[in-house]
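Peer 1:
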Amino acid sequence: MSDSAPILDVRALYKSFGHLEVLKGIDLQVKPRELVFVIGPSGSGKSTLLRCCNRLEEPNSGSIRIEDIDILAPGVDINAVRRRIGMVFQSFNLYPHLNALGNVTLALRKVEGKTREEAESLGIQALTRVGLAEKAKSFPNELSGGQQQRVAIARALALEPVIVLFDEPTSALDPELVGSVLSVMRELRESGMTMVVVSHEMRFAQSAADRVIFMDDGRILEQGPPEQLFNAPDHPRIQEFLRTIQAH
Amino acid sequence: MDLLISSFFNLDILEQAWPFLLAGFWMTIKLTLVVVPLGVAGGLAVALLTTMRSRIVKWLVVIYVDFFRAFPPLVLLMFIAFGLPFLKIDLGAFGAVAVAFLLNTSSYYGEIFRAGIESIPRGQYEAARSTGLSAVQTMAYVVIPQATKNVIPDLISNTLEVVKLTSIASVVALPELLFAARQAQSVTYNATPIIAAGIIYLVCLWPLVRLLSRFEHRQIALH
Ligand SMILES: Nc1ncnc2c1ncn2[C@@H]1O[C@H](COP(=O)(O)OP(=O)(O)OP(=O)(O)O)[C@@H](O)[C@H]1O
Ligand SMILES: [Mg+2]
């Protein structure tokens, strides 16, 4: 299937919360520089899948490899693994007590042990990538939602991850602010970043995704290039889902 | 009116009593400087213990906090100062005060910090952990700074109470401000030293009270 080894390799992943089985055997390989777009109805397990990939949730069984590392192996240094996996949340989750630069540099300083000068120069670079270098000293409550999300993206990028996972990065934003975040994501993709994006932004998927995955009830129901999945899906379930999305 | 002034605001008496009051004042300062940092540190430790997963630890902390909040601090102090020496544990007067206050105030400060920590949304932990911070680093750099900021008014008002509570140190013969004032009163048969002590408390604590109401106003403005 691929000429290069996958960055993310998920096999037979199962996850339950108590009696509720949320992931029922997920297989997913993401190649370097690929942008995989994940859609599916609410509760189908999209967030849980992403959160298993950096072990914010512990899977019940299956395997997850990031590059060459089995991240579920006993004794794996999960904090070291997480540095290589960027995560961007729907609600930004910026640290309100730190300014934009402080948000971006915290892990550089405390996890990677860089000096303040080193960390700040990398932090400014990351903020520049998201177009917010001039907001370095602003606190989260002084930034718009779109700016906050871009700072959150910079926070993930500063650690030079091999893959970035986005969980509905624009769902909490006012419509007029969505574009700025999507354009940062588009540039990121063009720079060759490997990305998994859970989102309802179908237009973005049309133009930027290499592959779209449709999740339903803890399984991957269908996947393929966006044209195929959006225009001629095999499953009527998907057409129905796309209609409800477009109705909004 | 003259009688009121001569028995409550008598400058001659004040002059006589002043050295005692000053000595008492320094003792109160010394007690405060030991007791407040200890209580805050102990409280933070108590609060952090409640965040641990272990059920047993949680239960032990609940028992600790409940016990020392309900148990009168004066009795606690007397027990530590006069009871423990029978078990060959003699901490000395200052040590007894330090330990009694640590036990009592850490349970109050602990509850305040716990509320602060609980006010921090899960997303903050997840953001921190997803960038590779360990659980301890997440607490130290993300959760505790925000939690503390959120409960500063409660920390200040508890500290006001703790400072006033240092007057119980007099039962173990540490002549703090109020004790010195009462001594001076009984020697001079005049209430002026007591009033003076009250005014000293007022002057020292008033800035804290101002600070407190500044915070309270700001919190109202934020909502
Ligand atoms: N921590 C948890 N404890 C219990 N149940 C959970 C937990 N997290 C998620 N679930 C349940 O797992 C199921 C899948 O949740 P998940 O958040 O992965 O769905 P999703 O596809 O991301 O949905 P949405 O589009 O609404 O974000 C839901 O039924 C949800 O209620
Ligand atoms: Mg979700």
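Protein sequences appear in the order of chains B and R.
Using our numbering, you'd call the opening residue of the first sequence number 73 and step up by one each time.
Using our numbering, you'd call the opening residue of the second sequence number 5 and step up by one each time.
Each residue gets a CB set at the ideal place from its N, CA and C atoms; glycine is no exception.
So, is R:THR181 buried or exposed, given that buried needs 16 or more other C-beta atoms within 10 angstroms?
Peer 2: According to the sequence as given, residue 181 of chain R is Leu; it is not Thr. Answer is buried; the Cβ neighbour count reaches 16.
Peer 1: Per DSSP, B:MET159 is paired with what?
Peer 2: DSSP output for B:MET159 lists B:LEU237 as bridge partner(s).
Peer 1: Which whole-angstrom value is the C-beta distance of R:GLY2 and R:ASN154, which I expect to be below 8 Å?
Peer 2: Residue 2 of chain R is absent from the model: chain R starts at 5 and stops at 227.
Peer 1: Quick one: what does DSSP say B:MET287 is sitting in, helix, strand or coil?
Peer 2: Correct three-state label for B:MET287: strand.
Peer 1: For a cutoff of 7 Å on Cβ pairs, would you count R:GLY120 as touching chain B?
Peer 2: Closer than 7 Å: no.
Peer 1: At the level of alpha carbons, what is the spacing between R:LEU164 and R:SER123?
Peer 2: Going by the C-alpha atoms only, they are around 23 Å apart.
Peer 1: Thinking just about the alpha-carbon of each residue, which of B:PRO168, B:ASP246 and B:THR187 is nearest to the one in B:SER210?
Peer 2: For B:SER210, the nearest C-alpha among the options comes from B:PRO168.
Peer 1: Quick one: is the Cβ of R:PHE183 within less than 6 Å of any heavy atom of ligand 1?
Peer 2: It does not: the Cβ of R:PHE183 is nowhere closer than 6 Å to a heavy atom of ligand 1.
Peer 1: Throw me the rounded Cβ distance for the B:VAL234 and B:ILE79 pair, which I believe falls under 8 Å.
Peer 2: Their Cβ separation, rounded to whole angstroms, is 6 Å, which keeps B:VAL234 and B:ILE79 in contact under 8 Å.
Peer 1: Relative to ligand 1, is the shortest distance from any of its heavy atoms to the C-beta of B:GLY336 smaller than 6 Å?
Peer 2: This structure leaves residue 336 of chain B out entirely; chain B is present only between 73 and 320.
Peer 1: Quick one: grab the DSSP three-state call for B:GLY264.
Peer 2: Residue state, collapsed to three classes: coil.
Peer 1: Is it right to say B:GLN219 is buried, meaning 16 or more other beta carbons lie within 10 angstroms of its own, or is it exposed?
Peer 2: With 16 or more Cβ atoms within 10 Å of its Cβ, B:GLN219 is classed as buried.
Peer 1: Roughly how many angstroms separate the alpha carbons of B:GLN221 and B:GLU190, rounded to a whole number?
Peer 2: Those two C-alpha atoms are separated by around 23 Å.
Peer 1: Between B:LEU215, B:LEU231 and B:GLU214, which lies nearest to B:GLY185 when the distance is taken from Cα to Cα?
Peer 2: The candidate whose alpha carbon is nearest that of B:GLY185 is B:LEU231.
Peer 1: Of all the CB atoms in chain R, is at least one closer than 7 Å to the CB of B:PHE313?
Peer 2: No, B:PHE313 does not count as interfacial toward chain R.
Peer 1: Looking at chain B, is there any beta carbon in it that lies within less than 7 Å of the beta carbon of R:GLN187?
Peer 2: Chain B contact via Cβ: absent.
Peer 1: Counting only the same chain and skipping the five closest in sequence on each side, list residues whose C-beta sits under 6 Å from that of B:SER74.
Peer 2: Unreliable placement is indicated for B:SER74, whose pLDDT of 48 sits below 50; the coordinate value is still reported in the next sentence. Closer than 6 Å at the Cβ level, and outside the excluded window around B:SER74, lie LYS103.
Peer 1: Can you tell me whether DSSP reads B:MET73 as helix, strand or coil?
Peer 2: Confidence at B:MET73 is low in this model, with a pLDDT of 48, below 50, so its placement is unreliable and the value that follows should be read with caution. In this structure, B:MET73 counts as coil in the three-state DSSP scheme.
Peer 1: Anything in chain R within Cβ reach of B:SER163, meaning under 7 Å, just list it in chain order.
Peer 2: Those are GLY127, listed as they occur along chain R.
Peer 1: Please check if any C-beta of chain R sits within less than 7 Å of the C-beta of B:SER74.
Peer 2: For B:SER74, the predicted model reports a pLDDT of 48, less than 50, meaning its position is unreliable and no value from the coordinates is stated.
Peer 1: Just to check my reading of the structure: B:ALA208 and B:ASN171 have Cβ atoms closer than 8 Å, yes? What is that Cβ distance to the nearest angstrom?
Peer 2: Indeed, because the Cβ distance is near 7 Å, the residues count as touching under 8 Å.
Peer 1: With a cut-off of 8 Å on the beta carbons, I'd call R:PHE117 and R:GLY47 a contact; round off their distance for me.
Peer 2: Correct: roughly 5 Å between the Cβ atoms.
Peer 1: Is B:PHE164 close to ligand 1? I mean its beta-carbon at under 6 Å from any heavy atom of the ligand.
Peer 2: For ligand 1, not one heavy atom lies less than 6 Å from the Cβ of B:PHE164.
Peer 1: Taking a cut of 7 Å between CB atoms, which residues from the stretch 113–141 of chain B lie near chain R?
Peer 2: Answer in chain order: ASN126 and LEU128.
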